[in-house]
Structure formats: C-alpha cells, structure tokens
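So the sequence shown is numbered by my numbering: it starts at 447 and just counts up by one.
Backbone N, C-alpha and C fix where the C-beta goes; we use that ideal spot for every residue, glycine too.
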Amino acid sequence: MAAVVPVTAEIAKRAAALAWQDLPDDLVERTRQCLLDWFAVTIAGAQEELTDILVAEALEDGARGPATLVGRSETVLPSTATLINGAASHALDYDDVNFSMGGHPTVTVVPALLALGEQMKASGRLFIESFVAGYETSGRVGRLVSPSHYQKGFHVTGTVGSFSATAAAGRMLGLNDRQLAIAFGIAATQAAGLKSNFGTMCKPLHAGTASEHGLRAARLAARGFTARGDSLECDQGFASSQSDHLNAEAALGEPPSGWHLRNNLFKYHAACYLTHAPIECAKEIRLKNNFPPERVRKILLRIDSGADKVCNIPNPTTGLEAKFSLRQTVAMALTGVDTANLESYNEAVTQEPRIKDLRDKMSIDFQPHWAHSLAEMAIQLDDGTTIEVKHDSGIPWADLEKQRQAIETKFDSLVTPLLGASGTRRLHDAIERIDELTDVGELVRASARS
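Okay, structure coming up:
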C-alpha cells in the first residue's frame, strides 16, 4: 500500500503551498535563530582550507560573478556561491541538526536561498516562507527513508538535503506543485554523499553539493526540464535504490510538535552531534566531582550502535578527526578542554599525553535500538568509586529566549574576530529585520569581508 502513495506529489504540494500566513510566530523566531547560527558557523568556516580550495578552483574556472561569498571578499556565480557557502557552513561540523531528517537541514537550504534571493532581490518574507518549506521537506523525506538509508552508508545531508534545497529554491521561484515534483526528480538523480568520507573535506562538500543540486533542480524545472514526478516512491527511484524503507505514513504524518522546525537542535560543541551527549556526561562528572584525570581507572560509555560508523575514530591525529572521535571528545571534556572552541580541535590536542591516556582507558558499549541522542557513562576512580550519569542531547530547548541567548553568544564569539564589532552588529541587525527586508541581498552582503 505504501508503494502506491503519491509521496512526491504530496510533499511538493505542501512545500509549494506554504505561505506567510501559515507560519506561527515562533517559526519566524526559529528561522532567525537558524540564520544567526548558520552565519556564525559559515563565516568561521569560510576561513578553512577546504573553502580556500573551492574558491581557488572556482576562480580558476572563470566562475566570477555577482553572488556574495559569506565571510569572504570574492564574488562568484550564484550556483558557485551556493556550493561554496554550503560547504563552508558545514566545514566545522558546528551547524544545526534535526533527527527527523537525520542530518543537517539549514546548511542545505540557506545557501541556495541566499544566492537565488540576492539574484532575484527577494523579500525577507519570501525568504522565510521558502526556508520553512525547505526545512519541513527535509524532515519529511528523511522520515520516508529512515533508518536504512543512513545505515547503508548514505550521508543524509548530501542526499535528503538535495530535496530540502529544491523545495526551498522552488518555493522562492514560485513553482507550482507539479513543477516542484518534477524538480524533485531532477534532484533525485543528483542526490549523493557517502558516510565513508566523514572526517575528510568531502563531508562538508556534501552540504554544498546538495544545496547547489537543489538550486539547479528548481531552476531547470522552471524552464521546463523534464524528470519523473514520482521520484521518491517509484521503482528504482530514490527510496527503493537508497534504502530498504518507504515509510509514507511517517513522511506525511504530523511532525513532533506540529512542525519539524520546532525540533531543530543547535550545536554547542564543535564536533559531530553524536559526541554531544557523551561530552555532556563527561562535563557533568568533572564539574560535580572535581577529581584529576589521573585518578580515572576505567571509562565505560553506552551509546547507540549507529555511532560506531559515524564518530568512532579511536586514535585521531588531526583536528578534523578529533571531531569524529568519541574517545577524544570525552577525554577533552574530562580534562577541561573547551569543546565549544574551534581552536581546541588540532593535531596537538590529539597527542596530549593525558588525553591519550584517557582514550586508552575508555571502552564503548554500542547498544542496538538505542536513542541516537542518549548516552550513559560510568567512570571508575582509583579508590573503586564509580560515578554514573546519563544525558539526552536530542531534546529541543523549551525556552526560546534562553536558546537565543546561547546562540547569540556563539554568534558573537565566531563572527566578531572576523567582521569586527561594527560588522557583527550590522549582520545581526539584518538578521533581526529579515521579515522587513525588501531585498535579502542586504543580508548576505552584510556577511562579506572587505
């Protein structure tokens, strides 16, 4: 029965029809918070080596154009800006996540909308409508193919993210539901991204290519380019080729709390999200018990078995590998290293003797059918004392104002060193006024470096 449900058409219909009057006030505020977070991590990520490589490649290829690169001075073609801004926003693995999608939604949606919106001189309200349409699509398509899609080795941000970017760009272009369903078909044939590349520059590249694919799919569909209109559910389509599931009921059902955007999770540690609950466990134990790391005899971590193939690099040697190492990030937290600081992830910290000693004392019990965001930790000290804690990092903050304060702290810490105090205020003000902007180009241009 599930196979005959017109999932593609229904998801396209919902995205194309979404309008400003449909949005509760809290979704507008959540969009602002997503933008604060996205610009912060993108401006910082724009200084990374992988971004330098992508910019150099683009300029050598003659891709100079009118579109703004966030956190940089160069301007390029809109499609190129989408790719580079998307990759930069995921370069630090410090961007938001959503468990319904199973990946990182905002980094696939915003780059396409900024490049297209700057070109079209789109209004801020159209940007918000399009952002929410794309974000909600990420949750629906993610639930359609979860969990086997991810288990097979596909990076959801690169695959499912192609559809969220398509929905966002299609909504901004004003595609009708039939055109958007065709655009999904164009996106489906491009969607790609392998988990085997986690810990390399290819992981952030997945976010950029997903956003670029979505922009291309929407623009081609607007010109009459053809594709199947049932790409999600058809035989040899996206679901049947890349998963063992076609859960139409989950995809089209009511999201938790009514909107997928209400379940957005922000990162406050600059590492893979599956390391966050273990980090919080280690921090709680350290802060409440105040013992030197040398007293630790054994560390036992219980976590979902899915983390084994995502963030279980046992002996990292680089800062990037450290972000995908449960042992490393727990050891950092236990020794008081600031896991929210980008500078904490470097080669030297992976070779620090106390860190390496704690890594060697840690064992991980991977639990099947365990909540992705739940961790339990037991630490045995040299006197036989055992300290146990648990933490679930998958619960969205109920207090939006408290969440905003945390995000603004993160925003200021990442943006001010690069844009200066006045530039940071200018960008912050543009984000705050997004629903009043007549041209979202003002927003992205405020993020550029002179």
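Check: Under the criterion of a Cβ to heavy atom distance below 8 angstroms, does Gln797 qualify as lining the ligand FMN?
Finding: Within the structure as shown, the ligand FMN is missing, as the structure has no ligands at all.
Check: How far does the beta strand (DSSP E) with Thr785 in it reach, from first residue to last?
Finding: As a working note, residue 785 is residue 339 in the sequence shown. It is not in any beta strand (DSSP E) - Thr785 carries neither H nor E in the DSSP assignment.
Check: In whole angstroms, what is the alpha-carbon distance linking Val886 and Gly683?
Finding: By 1-based counting over the sequence shown, the position of residue 886 is 440. By 1-based counting over the sequence shown, the position of residue 683 is 237. Approximately 35 angstroms, taken between the alpha carbons.
Item checked: Backbone CA spacing between Gly752 and Leu865 [nearest angstrom] -> One-based indexing of the sequence shown puts residue 752 at position 306. One-based indexing of the sequence shown puts residue 865 at position 419. Going from the Cα of Gly752 to the Cα of Leu865 covers about 39 angstroms.
Notebook entry, point to check: For Leu711, which residues does DSSP report across the bridge?
Noted result: Taking the first residue of the sequence shown as 1, we reach residue 711 at position 265. Looking at the DSSP assignment, Leu711 forms a beta bridge with Val543.
Next item on the list: Label Gln479 either buried or exposed according to how many other C-beta atoms from any shown protein chain fall within 10 Å of its C-beta, with 16 as the threshold for buried.
Entry: On the sequence shown, residue 479 is found 33 positions in, with the first residue counted as 1. Under this definition Gln479 is a buried residue.
Margin query: Using the three-state DSSP reduction, which class does Ser592 fall into: helix, strand or coil?
Written below: Looking up residue 592 in the sequence shown gives position 146. Correct three-state label for Ser592: coil.
Check: Going along the chain, which unbroken runs of the alpha helix (DSSP H) with 4 or more residues stay wholly within the stretch 839–884?
Finding: Runs of the alpha helix (DSSP H) lying entirely within the stretch 839–884, each at least 4 residues long, are 846–878 in chain order.
Next item on the list: Answer yes if the stretch 712–720 comes into contact with the stretch 623–638, meaning at least three C-beta pairs across the two stretches below 8 angstroms, and no otherwise.
Entry: Touching, no.
Notebook entry, point to check: Would you report the Cα separation of His837 and Ala537, rounded to the nearest angstrom?
Noted result: Counted from its first residue, the sequence shown places residue 837 at position 391. Counted from its first residue, the sequence shown places residue 537 at position 91. So the alpha carbons of these two residues sit roughly 26 angstroms apart.
Margin query: Whether or not the stretch 476–493 and the stretch 519–536 are in contact is what I'm after, with contact meaning three or more pairs of Cβ atoms, one per stretch, closer than 8 angstroms; do they touch?
Written below: Per the Cβ contact rule, the stretch 519–536 is in contact with the stretch 476–493 (3 or more Cβ pairs under 8 angstroms).
Check: CA-CA distance, Arg460 and Ala579?
Finding: One-based indexing of the sequence shown puts residue 460 at position 14. One-based indexing of the sequence shown puts residue 579 at position 133. Per the coordinates, the alpha-carbon of Arg460 lies some 8 angstroms from the alpha-carbon of Ala579.
Note to self: Within the continuous alpha helix (DSSP H) that includes Lys459, where are the two ends?
What the structure shows: By 1-based counting over the sequence shown, the position of residue 459 is 13. In the DSSP annotation of this structure, the continuous segment of the alpha helix (DSSP H) that includes Lys459 starts and ends at Val453 to Ala463.
Margin query: Please list the terminal residues of the continuous alpha helix (DSSP H) segment that includes Leu626.
Written below: As a working note, residue 626 is residue 180 in the sequence shown. Secondary structure note for Leu626: its alpha helix (DSSP H) is the uninterrupted segment Asp623 to Ala634.
Next item on the list: Pick helix, strand or coil for Pro739, following the three-state DSSP scheme.
Entry: Indexing the sequence shown from 1 puts residue 739 at position 293. Assigned with DSSP and collapsed to three states, Pro739 falls in helix.
Check: Who are the Cβ neighbours of Trp816 in its own chain at under 6 angstroms, not counting the five residues just before and after it?
Finding: Start at 1 with the first residue of the sequence shown, and residue 816 comes out as number 370. Excluding residues within five positions, the ones whose Cβ falls inside 6 angstroms are Asp750.
Note to self: One question on the structure: do Ala513 and Ala502 come within less than 9 angstroms of each other, judged by their Cβ atoms?
What the structure shows: By one-based count along the sequence shown, residue 513 stands at place 67. By one-based count along the sequence shown, residue 502 stands at place 56. No.
Checklist line | Cut-off 8 angstroms between Cβ atoms - residues of its own chain near Phe910, not counting five sequence neighbours on either side | finding: Any answer about residue 910 is impossible in this case: the structure gives the chain only from 447 up to 896.
Check: Which first and last residues belong to the alpha helix (DSSP H) in which Ile530 is found?
Finding: Taking the sequence shown and counting its residues from 1, the one referred to as residue 530 is at position 84. DSSP places Ile530 inside the alpha helix (DSSP H), whose first and last residues are Pro524 to His536.
Notebook entry, point to check: Is the number of C-beta pairs between the stretch 675–692 and the stretch 649–656 that are closer than 8 angstroms three or more?
Noted result: Touching, no.
Margin query: If contacts are defined as beta-carbon pairs under 8 angstroms, then Lys598 and Ser689 qualify, I think. What distance do you get, rounded to the angstrom?
Written below: One-based indexing of the sequence shown puts residue 598 at position 152. One-based indexing of the sequence shown puts residue 689 at position 243. 7 angstroms between Cβ atoms; contact.
Item checked: Asp541 classed as buried or exposed, judged by whether at least 16 other C-beta atoms fall within 10 angstroms -> To locate residue 541, count along the sequence shown from 1; it is residue 95. Counting other Cβ atoms within 10 Å of its Cβ, Asp541 reaches 16 or more and is therefore classed as buried.
Next item on the list: Could you say if the stretch 762–778 and the stretch 796–814 meet the contact criterion of at least three C-beta pairs nearer than 8 angstroms?
Entry: As far as the Cβ criterion goes, the stretch 762–778 touches the stretch 796–814, which means the pair count is three or higher.
Next item on the list: Within the same chain, show all residues whose beta-carbon is closer than 7 angstroms to that of Glu740, passing over the 5 residues directly before and after it, in chain order.
Entry: In the sequence shown, residue 740 corresponds to position 294, counting from 1. Setting aside the 5 residues that flank it on each side, Glu740 has no residue in the same chain whose C-beta is closer than 7 angstroms to its C-beta.
Check: Below 9 angstroms between beta carbons: does that hold for Ala638 and Thr603?
Finding: Indexing the sequence shown from 1 puts residue 638 at position 192. Indexing the sequence shown from 1 puts residue 603 at position 157. Taking 9 angstroms as the Cβ cut-off, Ala638 and Thr603 do not qualify as a contacting pair.
Check: Can the beta-carbon of Arg879 be found less than 9 angstroms from the beta-carbon of Gly570?
Finding: The count along the sequence shown starts at 1 and reaches residue 879 at position 433. The count along the sequence shown starts at 1 and reaches residue 570 at position 124. Gly570 sits close to Arg879, with the two beta carbons spaced by under 9 angstroms.
Notebook entry, point to check: Nearest to Ser892 by alpha carbon, out of Glu882, Ser868 and Asp881?
Noted result: For the purposes of this step, residue 892 is identified with residue 446 of the sequence shown, where counting begins at 1. Per the sequence shown, residue 892 should be read as Ala rather than Ser. It is Ser868 whose Cα lies nearest to the Cα of Ala892.
Check: What number of angstroms, rounded off, separates the C-alpha of Asn531 from the C-alpha of Ala821?
Finding: The residue you call residue 531 lines up with position 85 of the sequence shown. The residue you call residue 821 lines up with position 375 of the sequence shown. Between Asn531 and Ala821, the alpha-carbon positions lie close to 33 angstroms from each other.
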